[in-house]
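A.B. asks: First the structure, which I've put down as structure tokens, then a few questions once you've had a look.
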Amino acid sequence: DLGAGTGAVGIMIGSRAPVELVLVERDACLVALCRENLRLNGLSGRVVAADLLASREERQARGLIPESADWVATNPPFLDPGSARPSPDPGRSAAHLMPADGLGRWLEAAYDLLKHKGRLALIHRADALADAFRHLAGRFGGVTARAVHPRRDASATRVLLTATKGSRGPLTLAAPLVLHEADGTFTPL
């Protein structure tokens, strides 16, 4: 789980499948929370304190081994510092703002960690889909895109992308995921 935050995504995955779980987070406070959340949920795993936007050499020095992962899941920071109002909390601001060249560098780090034919699962803003596709091109194929809508009558706000490193497979558009019914209750899974 790259950019793990408190470890929620990785813990969800680790609670459902027998995996060798690695949570990667740059913020020292969140690294400690990841470790505590693994313990509280009875899961084993490794928590790596590393900045995914750092150089490959620096990531390796922090313990991120190239071509070591079968799967990478990530929900990277996705707000543009030029158009978003940053949080007054420095930690939240750092967790939400991505530099202009950040998504490409983030996906480069994911690519570097994945084994050949390894799989990427990415959640990103729906309005940044073209940018995500641009950074996946030439590295990933077999991309499946699934729009996430808050309600049936609302435009998608997020998109879930899965892709395979080194694949030449075609793009697939999956059925949309609608989160809420008109009355605000969650839709059935």
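Numbering-wise, this note's numbering puts 75 at position 75 of the sequence shown, and it's gapless, one number per residue.
Yeah, the Cβ is synthetic: ideal placement off N, Cα and C, and Gly gets one too.
Counting Cβ pairs, one atom from each stretch, are 3 or more of them under 8 Å apart for the segment 2-22 and the segment 40-58?
C.D. replies: With a cut-off of 8 Å, the segment 40-58 and the segment 2-22 count as touching, because enough Cβ pairs lie within range.
A.B. asks: Residue ranges of each alpha helix (DSSP H) run of no fewer than 4 residues wholly in the segment 88-175, ordered along the chain?
C.D. replies: Those alpha helix (DSSP H) runs which fall completely within the segment 88-175 and span 4+ residues are 90-96, 102-113 and 129-136.
A.B. asks: Grab the span of the alpha helix (DSSP H) containing residue 9 for me, first residue to last.
C.D. replies: First-last of the alpha helix (DSSP H) with residue 9: 8-16.
A.B. asks: Just curious, the beta strand (DSSP E) that residue 25 is in, first and last residue?
C.D. replies: Here the beta strand (DSSP E) through residue 25 covers 22-25.
A.B. asks: Take residue 69 as the anchor and find which of 13, 37, 120 and 113 has the nearest alpha-carbon.
C.D. replies: The shortest C-alpha separation from residue 69 is found at 113.
A.B. asks: Return yes when the Cβ of residue 74 is within less than 8 Å of the Cβ of residue 110, no when it is not.
C.D. replies: Against a cut-off of 8 Å, the Cβ pair of residue 74 and residue 110 comes out as a contact.
A.B. asks: Restricting to Cα atoms, I'd like to know which of 76, 104 and 165 is closest to residue 25.
C.D. replies: Considering only alpha carbons, the answer is 76.
A.B. asks: Would you give the residue range spanned by the beta strand (DSSP E) that residue 69 belongs to?
C.D. replies: Looking at the DSSP string, the run of the beta strand (DSSP E) that includes residue 69 is 69-74.
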